[in-house]
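The structure under discussion appears below in the form of structure tokens.
In the numbering used here, the protein residues as written are 1 to 244.
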């Protein structure tokens, strides 16, 4: 009998959770371990904009498995709130930091699966200390933005980036009655697509009265203490409640 293998999966969202479950199915004698830096695994990220708009009431309803259920049904050991700090390829080990205890641990592996996803590209003018700016990638993000929505006074928001997530966020906030400013560094929205699609998207934005601002170098920001307070466009200042 072959010795038991250890398969480590880094990243617990859709791809990581699916990979861990599949690894266990095709290697039933293997020890499969999943590390995720956030509190939640197996999230329906496509549903997050619908949580913003209120079409899905409970943010936690887009979490398809908690770690206990995943361990029980998939027989995979799950560690949430753990960040993988370093991969030591030559020794087949990873250095992991517990984000709760702030203690490092080292784990050996035989096979390693990377499902870390993408990283949010920050706006150069935005410091990490701004309290009314959030990405839209996780359940924690959508809970934070829902709080922004409930506290909004101006009912104005800027969404930075007009890819899939930005467009869906802009639409969700528009449904809630917000005056939305959608900012894109390229000249047209949805820039990764063909010209015909870009023009169609622009027409839909106009029909929904979502303000599209292309060529983002023309957009400046004003700050008040630890918040982004306004956009400045061609000398016109527009106060906003928050930014995504």
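Just so it is clear, CB atoms sit at the ideal spot from N, CA and C, and this is done for glycine as well.
All values reported here derive from a predicted model rather than from experimental measurement.
- Ranked by Cα distance from residue 144, the options 60, 107 and 239 are led by 60.
- A distance below 6 Å between beta-carbons, with the five flanking residues on each side excluded, links residue 168 to the following residues of its chain, in chain order: 49.
- Here DSSP, grouped into helix, strand and coil, assigns residue 68 to helix.
- A Cβ-Cβ contact shorter than 9 Å links residue 173 with residue 157.
- DSSP lists 243 as the bridge partner or partners of residue 133.
- For residue 26, the closest alpha carbon among the candidates 7, 46 and 38 is that of 7.
- A Cβ-Cβ distance of about 4 Å is found for the pair residue 189 and residue 162, placing them in contact under the 8 Å criterion.
- Within the segment 115–193, the complete alpha helix (DSSP H) segments at least 4 residues long are 139–151 and 164–175, listed from N- to C-terminus.
- In the DSSP assignment, residue 41 falls within the beta strand (DSSP E) that extends over 41–43.
- The way I'd put it, the segment 107–122 does touch the segment 76–92; three or more beta-carbon pairs between them come closer than 8 Å.
- DSSP places residue 50 in the uninterrupted alpha helix (DSSP H) bounded by 48–53.
- For residue 4, no alpha helix (DSSP H) encloses it, and the DSSP letter there is neither H nor E.
- Here residue 78 is actually not in contact with residue 10; their C-beta atoms are around 12 Å apart, not less than 8 Å.
- Distances from the CA of residue 64 to each of 12, 4 and 151 were compared; the closest alpha carbon is that of 12.
- Shown here for residue 40: same chain residues with a beta carbon closer than 6 Å to its own, the five before and five after excluded, namely 63 and 139 in chain order.
- Beyond the five residues adjoining it in sequence on each side, residue 36 comes within less than 6 Å, by CB distance, of 12 and 80 in the same chain, given in chain order.
- Ranked by how close their Cα comes to the Cα of residue 76, the residues 43, 34, 45 and 51 have 34 in first place.
- Cβ atoms of residue 240 and residue 231 come within 8 Å of each other, at about 6 Å.
- CA-CA distance, residue 171 to residue 105, rounds to 43 Å.
- Leaving aside the five residues that flank residue 197 on each side, the residues in its chain whose CB is nearer than 8 Å to its CB run, in chain order, 190.
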